[in-house]
Amino acid sequence: MPKSARHLFILAWLVLYSPSSFAPDPSGFLRFELPEPAATVNHGFLVPNELFPQDGDRVFKAAGPGAYIAVGTERGFIHFGLTTKATHLILVDTDPEVARFNRINRMLLAASTSREDYLALRMAVSPEAWQEAARRDGGKVALAELVEPGSYEFWVKSRRFEKDLTVLDRMRFAALEKPSESNRQEELFGQGNYIQDEALYLRLSTAAKEGRIQVENFSLKSVKNFQAMTAALKAKEIPLSVFDVSNAWWGRFMPKDTMAALLDACKEIAGPGSLFLATDRLKSDLKNYHELLPHLSRRTRKSWLYLGFTFPMMEKMGGTRLFMDYLFEDTDREKRVVLLNDVNTEPYPRKGSCTKTLGGAAP
Numbered sequence: 228m229p230k231s232a233r234h235l236f237i238l239a240w241l242v243l244y245s246p247s248s249f250a251p252d253p254s255g256f257l258r259f260e261l262p263e264p265a266a267t268v269n270h271g272f273l274v275p276n277e278l279f280p281q282d283g284d285r286v287f288k289a290a291g292p293g294a295y296i297a298v299g300t301e302r303g304f305i306h307f308g309l310t311t312k313a314t315h316l317i318l319v320d321t322d323p324e325v326a327r328f329n330r331i332n333r334m335l336l337a338a339s340t341s342r343e344d345y346l347a348l349r350m351a352v353s354p355e356a357w358q359e360a361a362r363r364d365g366g367k368v369a370l371a372e373l374v375e376p377g378s379y380e381f382w383v384k385s386r387r388f389e390k391d392l393t394v395l396d397r398m399r400f401a402a403l404e405k406p407s408e409s410n411r412q413e414e415l416f417g418q419g420n421y422i423q424d425e426a427l428y429l430r431l432s433t434a435a436k437e438g439r440i441q442v443e444n445f446s447l448k449s450v451k452n453f454q455a456m457t458a459a460l461k462a463k464e465i466p467l468s469v470f471d472v473s474n475a476w477w478g479r480f481m482p483k484d485t486m487a488a489l490l491d492a493c494k495e496i497a498g499p500g501s502l503f504l505a506t507d508r509l510k511s512d513l514k515n516y517h518e519l520l521p522h523l524s525r526r527t528r529k530s531w532l533y534l535g536f537t538f539p540m541m542e543k544m545g546g547t548r549l550f551m552d553y554l555f556e557d558t559d560r561e562k563r564v565v566l567l568n569d570v571n572t573e574p575y576p577r578k579g580s581c582t583k584t585l586g587g588a589a590p
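Residue 228 is where the sequence shown starts when you use the numbering used here, and the numbers rise one by one after that.
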C-alpha cells in the first residue's frame, strides 16, 4: 500500500474507531418520534414530597432488570438508585419544567467527577462553575443543558433560593443536599439519598455518563406516545423494570381506561421481574392501618404508601382494566389497595390473613 494511502487509512481508522467515537450520548439511549403532540402542562410538582422512599424498599429490591420508567423529579433518581437490577432510567413527565429539571440534573451527574463535586455543582453560586464543568475532558461530552441560557437561573429558582418557595419546599431540598441531624433522626429520604451516599451517587453518575438516563416531556394521557416509547425499548431489547407513576393513577389525574392502556403497553416489554408501582395517601386515621403497616406508627409526618403489583397478578384479576376498576373503587379503597399489594413493599412482615386475602405468598 502506498505511504500516502496508508496514512489516509490510519487517519480514517482513528476517526471511526477512536474512543471518542464510542462515547455515549449523555442525552439518552432511545430515539423515537412522538406520533401525537406532547400536550404538556405545567403542574408545578418540582419539589419532592415522598419523604420516605425506604418504605418502598421491597418493590425496589424485587424489581427486575431493564428500564425504570418514572414521573416526577428527584423521586425517579432516588428510586432508580435504590433498585439493584434496573439498568436504564426514563423520566417522563407532562410538565416542561419537570423535564428541564431532570435534564439539568442528569447533566450535573454526567459532568461531576465525584460525589463532592456533584454536590458542589448542585449548589454552585454562579453559572461559571457549570460552564467550567461543561468544558471538562476537552469537550468530548456535550453538556449543552449546562450552558444553555437561563439553565442555571432556572435551577436556582426551582430548588432553593427563591422567596416564593415555601419553608417546607426549601427544607425538602435541604434534607437531600445538607441534611441536619433532625432530618437524619426523622429518616427523611432514608437510605435513598444519592447526594449523600457514595454507592448510590456512583450508580446514578455512571448511568448518566453512559447515556442510560433518558428524559421525555409528554403527557401519559397520550397512550400512542407511550406506546412509541415502549416500542423503542422493545426494539432495543430492553425490558421493563418498573413503571412508577407515583399517584398519577388517581382519577383526577388519569382516566382509568387510559391507565389500563398504559399497563397494556408495559405488558409488551414485561419480564418476570417487571412491576407497576403506585403510591397512595392515607386519608383516614393512621391507627386504622397500624396492624397492617406497623411502621407508620412512628411517623410524625404523613407517609405515602408504596404499592407494587406484578403483571401476572393483574392477569389473574382478569386483565388491566378489571384491575384498574378494582383499584379505582372509592369504598374503603385505602384498605383494599393495601391488601391487594402483592409485592408487599412494607418493611415489616404481613399478617397471614393479608396474604390469604391476596391469594399469594408474601416475599
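Even for Gly, the Cβ is constructed at its ideal location relative to N, Cα and C.
| Asked | Found |
| --- | --- |
| Quick check on the DSSP output: the beta strand (DSSP E) that includes E260 runs from which residue to which? | That residue, E260, is in no beta strand (DSSP E); it is neither H nor E in DSSP. |
| Ignoring anything shorter than 4 residues, give me the alpha helix (DSSP H) runs that lie fully in the segment 279-361, in order along the chain. | 284-289, 301-309, 323-338, 342-349, 355-361 |
| So what does N444 bridge to, in DSSP terms? | D320 |
| CB-CB under 7 Å to P592, same chain, minus the five flanking residues each way: which ones, in chain order? | Lying outside 228 to 590, the shown extent of the chain, residue 592 is not represented and no answer is given. |
| State buried or exposed for E443, treating a residue as buried only when at least 16 other CB atoms are found within 10 Å of its CB. | buried |
| What did DSSP end up calling F480 once you bin it into helix, strand or coil? | coil |
| Using DSSP bridges, identify the partner residues of T506. | Y533 |
| In this structure, does DSSP put A475 in helix, strand or coil? | coil |
| Which residue wins for smallest C-alpha separation from L534, given the options K448, V268, A401, Q281? | Q281 |
| Is it buried or exposed, T321, if we count other Cβ atoms within 10 angstroms and call 16 or more buried? | buried |
| Name the DSSP bridge partner or partners of V469? | Y295, L502 |
| Rounded to a whole number of angstroms, what is the C-alpha to C-alpha distance between A475 and H270? | 12 Å |
| For R302, count the other beta carbons within 10 Å of its own beta carbon; 16 or more makes it buried, fewer makes it exposed. Which is it? | buried |
| Which term fits L549, buried or exposed, when burial requires 16 or more other beta carbons within 10 angstroms of its beta carbon? | exposed |
| Spatial neighbours of P466 within its chain, please: CB distance less than 6 Å, with the 5 preceding and 5 following residues excluded, ordered by chain position. | G293, I496, G498 |
| Should G255 and Q441 be called a contact, given that it needs their Cβ atoms to be closer than 7 Å? | yes |
| Tell me which same chain residues have a C-beta within less than 6 Å of the C-beta of T547, skipping the five on either side of it? | A487, L490, D491, M541 |
| Let me check understanding here. Comparing Cα to Cα, which of K543, E425, F503 lies closest to D344? | E425 |
| With DSSP as the reference, identify every bridge partner of A455, one or two as the case may be. | According to DSSP, which records beta bridges pairwise, A455 is partnered with nothing at all. |
| Decide if D471 is buried, meaning its Cβ has at least 16 other Cβ atoms within 10 Å, or exposed. | buried |
| Do you know whose CA, among A462, E355, K483, E414, lies nearest S530's CA? | E414 |
| So A266 and S449 are in contact, right, with Cβ under 8 Å, and what is the actual spacing, rounded? | 6 Å |
| In chain order, what are the residue ranges of uninterrupted alpha helix (DSSP H) at least 4 long that sit wholly in the segment 381-435? | 394-404, 408-412 |
| Where do the ends of the alpha helix (DSSP H) carrying R548 lie? | 547-555 |
| Report yes or no: do the segment 316-330 and the segment 402-409 share at least 3 C-beta pairs separated by less than 8 Å? | no |
| Which two residues bound the contiguous alpha helix (DSSP H) that contains K543? | 538-543 |
| Note the first and the last residue of the continuous alpha helix (DSSP H) segment covering E372. | 371-374 |
| On the CB-based measure, 16 or more other CB atoms within 10 Å of its CB, does D507 come out buried or exposed? | buried |
| Who are the near neighbours of P264 in its chain, counting only those whose CB is closer than 6 Å to its CB and skipping five residues on each side? | none |
| Starting from A462, follow its DSSP beta bridges and name the residues at the other end. | In the DSSP output, where bridge partners are listed per residue, A462 has none listed. |
| Using the Cα positions of E375 and E556, report the straight-line distance between them to the nearest angstrom. | 46 Å |
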